[in-house]
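Everything below concerns the one structure shown next.
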Amino acid sequence: MSSNSASPVATESNGPLSSGISLTSTTACDDRTCSTAKCALCLHCSQQYCFVHFLKHNEQLSLNAYNFTLAIDQLVEDQIKNLKLDESLRRTIHSLDQWRKNLIRTIEYVYQEKLSSIKSNYIQLSNYLQQFQFEQSSHIQSLRIDLEQMKFIRSTYDQEMEKIQTTIKQLQKNFSELQYDLHLKERQTPNIYDSIECEIIWKRHRIDDIQTSTTVDIIEDDEDTNTGTNHDDEDVPDYSTTGTPPPSTPSPTSYEQCLLSFLVGNDSITNRDEKIISSDVKKNLPNKKNLLMEKKQTNDTTSTITTMLNNNNKKRRICMSCGKC
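According to the numbering used here, numbering within the sequence shown proceeds without interruption in unit steps and concludes at 358.
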């Protein structure tokens, strides 16, 4: 027997045939339902079939190959040709646009918050500058008063001259070392709101310690002097007392609420204040009222000492004027 339609190549047992099928021994066909002797060998699966089942087996192989071809063609048409990035690009750009809108909205909110903080810090720093100007003007006015008193005194004292010279140098140092600015400090943090912050840079030099020490030294020297005739002279204005300063200078009480943290933070032991104050200073104001009262008591004590010094200066001036020492 021979078959020209069978694609699998078959071999013979005793010799090649024109159909490519070999006749084997009389054992049964490998198909379980067939008892016919096998006569052909499939080179694909090495199964031995009878002629009829060999043809069926060949048809099944051809059908499987056709189905595989259809599956491959369908894969090419439906999957490979439909692999496009247009939808992915559109979706990604849309997500990026949404992210940009949300970020712009967040940045605008943070900008408004920080702008409000900058304005608040500007007002606070302006109050600090006004207070500083008032203090320095008071010290300068005190120096002018001392110089005016010396015009009526026939002989000057080296200690007073040294005091005035020291105070002038200290005032010059105060102005030279004064630093004030509004600075944006950017932080490396993933949180946009906390990535930038407005801080106040406030550095100044105090002169309270030197003035207090010189005042005490002058009082100790004046206790050894004689008492002269008392004349009705007008009291010399003193800006270290608790009295009201001249109208030309701002009153320190108007800055009390804004400068509580600044006034209390000044330590009489140290000579330099280096403060970097954030915008939430007002939260600590209630806790510093007691310290402010202690500061006022210290100022009262200093004013009392200064008043005693002025009285002694008047007595000494009058005594030297009348020559009754």
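In this text, a Cβ means the ideal position worked out from N, Cα and C, and glycines have one as well. The model shown is predicted, which means the values in this text are computed figures rather than measured ones.
Using the Cα positions of Gly53 and Asp119, report the straight-line distance between them to the nearest angstrom. Within the sequence shown, the letter at position 20 stands for residue 53. Within the sequence shown, the letter at position 86 stands for residue 119. Note that Gly53 scores a pLDDT of 41, beneath 50, so its modelled location is shaky; the value from the coordinates is reported in the next line. So the alpha carbons of these two residues sit roughly 54 Å apart.
Buried or exposed: where does Ala73 fall if 16 or more other Cβ atoms within 10 Å of its Cβ makes it buried? If you number the sequence shown from 1, residue 73 lands on position 40. Flag for Ala73 reads buried.
Residue environment, Cys78, which counts as buried when at least 16 other CB atoms sit within 10 Å: Translated into the one-based positions of the sequence shown, residue 78 becomes position 45. The Cβ neighbour count for Cys78, taken over all protein chains shown within 10 Å, is under 16; the residue is labelled exposed.
Are the C-beta atoms of Leu176 and some chain B residue less than 8 Å apart? Among the chains in the structure shown there is no chain B, since it carries only a single protein chain.
Integer-rounded CB distance, given that Cys83 should sit under 8 Å from Ile62: As a position in the sequence shown, residue 62 is number 29, starting the count at 1. As a position in the sequence shown, residue 83 is number 50, starting the count at 1. One detail in the question is off: residue 62 reads as Cys in this sequence, not Ile. Contact flag correct, Cβ pair sits at about 4 Å.
Using 8 Å as the Cβ pair cut-off and three pairs as the minimum, do the segment 137-146 and the segment 159-173 touch? Between the segment 137-146 and the segment 159-173, the count of C-beta pairs closer than 8 Å stays below three; the two stretches do not touch.
At which residues does the alpha helix (DSSP H) containing Asn91 begin and terminate? Within the sequence shown, residue 91 is the residue found at index 58, counting from 1. Where Asn91 is concerned, the enclosing alpha helix (DSSP H) stretches over Phe84 to Leu108.
Going straight from the alpha carbon of Leu204 to that of Gln166, what length do you get? Working through the sequence shown from its first residue, we reach residue 204 at position 171. Working through the sequence shown from its first residue, we reach residue 166 at position 133. So the alpha carbons of these two residues sit roughly 11 Å apart.
DSSP three-state label for Ile201, please. As a first step, residue 201 is located in the sequence shown; it is residue number 168 there, counting from the start. Assigned with DSSP and collapsed to three states, Ile201 falls in helix.
Helix, strand or coil, according to DSSP, for Asp80 in the structure here? Numbered from its first residue, the sequence shown carries residue 80 at position 47. Per the sequence shown, the amino acid found at residue 80 is Gln instead of Asp. It is coil, neither helix nor strand.
Evaluate contact between the segment 201-217 and the segment 151-162, counting only Cβ atoms and requiring at least three cross-stretch pairs below 8 Å. Contact annotation: the segment 201-217 touches the segment 151-162, with at least three C-beta pairs closer than 8 Å.
DSSP three-state call for Leu116: helix, strand or coil? Stepping through the sequence shown from its first residue, residue 116 is reached at position 83. In the three-state reduction of the DSSP assignment, Leu116 falls in the coil class.
If distances are taken between C-alpha atoms only, which option among Ser175, Asp111 and Lys117 comes closest to Gln380? No answer is possible for residue 380: it lies beyond the span of the chain, which begins at 34 and ends at 358.
Strictly by DSSP, which residues pair up with Lys212? Locating residue 212 in the sequence shown gives position 179, where the first residue counts as 1. First, the residue type needs correcting, since residue 212 is Gln and not Lys in the sequence shown. Partner(s): Lys236.
Taking all protein chains shown into account, do 16 or more other C-beta atoms lie within 10 angstroms of the C-beta of Lys134, making it buried, or fewer, making it exposed? For the purposes of this step, residue 134 is taken as residue 101 along the sequence shown, with counting starting at 1. Taking all protein chains in view, the Cβ of Lys134 is surrounded by fewer than 16 other Cβ atoms within 10 Å, so the residue is classified as exposed.
Leu162: which of Glu110, Lys236, Lys218 and Ile201 sits nearest, CA to CA? Counting from 1 along the sequence shown, the entry for residue 162 is found at position 129. When Glu110, Lys236, Lys218 and Ile201 are compared, the shortest CA-CA separation from Leu162 is found for Lys236.
If we count the other Cβ atoms within 10 Å of its Cβ and call it buried at 16 or more, is His127 buried or exposed? Translated into positions along the sequence shown, residue 127 becomes position 94. A residue is called buried when at least 16 other Cβ atoms come within 10 angstroms of its Cβ; His127 does not meet this threshold and is exposed.
Ignore the nearest five residues each way along the sequence and tell me which others in Gln131's own chain have a CB closer than 8 Å to its CB. Translated into the one-based positions of the sequence shown, residue 131 becomes position 98. In its chain, beyond the 5 residues on either side, no residue has a beta carbon closer than 8 Å to the beta carbon of Gln131.
Do Glu195 and Asp179 come within 8 Å of each other at the CB atom, strictly closer than that value? Indexing the sequence shown from 1 puts residue 179 at position 146. Indexing the sequence shown from 1 puts residue 195 at position 162. Not closer than 8 Å, so no.
Is it the case that the Cβ atoms of His86 and Cys67 are separated by a distance below 8 Å? For the purposes of this step, residue 86 is taken as residue 53 along the sequence shown, with counting starting at 1. For the purposes of this step, residue 67 is taken as residue 34 along the sequence shown, with counting starting at 1. Yes. Within cutoff.
Rounded to whole angstroms, what is the Cα-Cα separation between Asp111 and Leu88? For the purposes of this step, residue 111 is identified with residue 78 of the sequence shown, where counting begins at 1. For the purposes of this step, residue 88 is identified with residue 55 of the sequence shown, where counting begins at 1. It is roughly 34 Å from the alpha-carbon of Asp111 to the alpha-carbon of Leu88.
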